[in-house]
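Numbering (our numbering), first residue to last: 822 to 961.
As structure tokens, then:
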């Protein structure tokens with residue numbers, strides 16, 4: 822081997838050694854980075870766990886509140902339906918108890934007025950003798 826080839830072989834050996842050192846350094850750095858990431862993930866999981874539990878609890882509470890609200894709305898709807906039916910029934914009773922007798926009373930008063938008007942009109946007419954009425958009917 823010549824000196825030139827020995828020099829090149831030495832350069833190759835040194836560059837291989839430098840590359841190996843760089844790779845070892847990269848592996849060590851990657852391992853440290855992996856440990857830091859693992860520590861960070863564990864910390865985030867530890868910090869987030871109560872939040873997740875709280876969000877789950879809020880979901881359970883929201884479902885419970887929603888269920889209660891639906892129940893209250895259904896009760897209010899039933900109450901309004903019952904009130905409407907009772908108002909209709911009450912108005913029917915009032916109409917039968919008050920309006921019908923008032924109509925009947927108005928009819929009775931109308932009949933009395935008609936009788937009184939008839940009696941008044943009979944008084945106002947001059948009474949003619951019966952003979953005069955018969956003479957008007959006589960043809961002859």
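Even for Gly, the Cβ is constructed at its ideal location relative to N, Cα and C.
Backbone secondary structure at residue i - three-state DSSP
| i | result |
| --- | --- |
| residue 911 | helix |
| residue 823 | coil |
Chain-order list of residues whose beta-carbon lies under 7 angstroms from that of residue i (same chain, five-residue window excluded)
| i | result |
| --- | --- |
| residue 872 | none |
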